[in-house]
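What follows is one structure encoded as structure tokens, with my remarks underneath.
Printed below as a string of structure tokens:
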């Protein structure tokens with residue numbers, strides 16, 4: 016998906032070559048994953064040339080995955096996550112001020 020988000024449209028054969036170089040997957044494995052993503056509606060296939068493009072924006076996936084992570088690890092609680100995460104960090108004054116700015120921006 017990262018390839019498609021950054022390149023907009025790629026031929027499946029080009030995706031396969033890139034994935035082979037970086038991950039080591041064979042062509043059949045890559046094509047199987049592409050097919051599954053097409054079936055799930057994450058990728059749109061265009062012909063001729065078996066061109067692939069993302070059907071779902073990266074930001075949408077980030078939102079879904081972030082919520083799933085919060086649900087899985089922190090019972091859906093953003094405050095529990097922030098307490099745990101920030102409690103294990105050494106924050107600079109500028110980072111604290113930036114977090115305060117962000118929180119103030121989203122106050123009701």
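Numbering (the working numbering), first residue to last: 16 to 123. Note that CB positions come from ideal geometry on N, CA and C, so glycine has one too. This structure is a prediction, so every number in the text was calculated from the model and none was measured.
Problem - Of the residues 23, 22, 73 and 16, the one placed nearest residue 45, counting alpha carbons only - result: Between residue 45 and the set 23, 22, 73 and 16, the nearest pair of CA atoms involves 16.
Problem - Local conformation of residue 87 per DSSP, three classes - result: Secondary structure of residue 87 (DSSP, three-state): helix.
Practice task
Can you give me the start and stop residues for the beta strand (DSSP E) that residue 120 sits inside?
Solution key: From DSSP, residue 120 is part of no beta strand (DSSP E) but of the alpha helix (DSSP H) over 108-120.
Exercise for the section: Can you tell me which of the three DSSP states residue 68 falls into? Expected result: Correct three-state label for residue 68: strand.
Problem - Through-space distance from residue 110 to residue 120, alpha-carbon basis - result: The straight-line gap from Cα to Cα measures roughly 15 Å.
Problem - Beta-carbon proximity check, residue 50 vs residue 61, cutoff 8 Å - result: Residue 61 is positioned such that its CB atom lies no closer than 8 Å to that of residue 50.
Practice task
Please go through the segment 24-63 and give each complete beta strand (DSSP E) segment of 3 or more residues, from N-terminal end onward.
Solution key: Fully enclosed beta strand (DSSP E) runs of 3 or longer: 24-26 and 58-61.
Problem - Given 8 Å, three or more beta-carbon pairs between the segment 27-44 and the segment 82-90 - result: Taking 8 Å as the limit for Cβ pairs, the verdict is that the segment 82-90 does not touch the segment 27-44.
Exercise for the section: Pick helix, strand or coil for residue 81, following the three-state DSSP scheme. Expected result: Helix at residue 81.
Problem - Straight-line Cα distance separating residue 38 from residue 6 - result: Given a span of 16 to 123 for the chain in the structure shown, any question on residue 6 remains unanswerable.
Problem - residue 64 versus residue 55 - alpha carbon distance - result: Using only the alpha carbons, I get a separation of about 21 Å.
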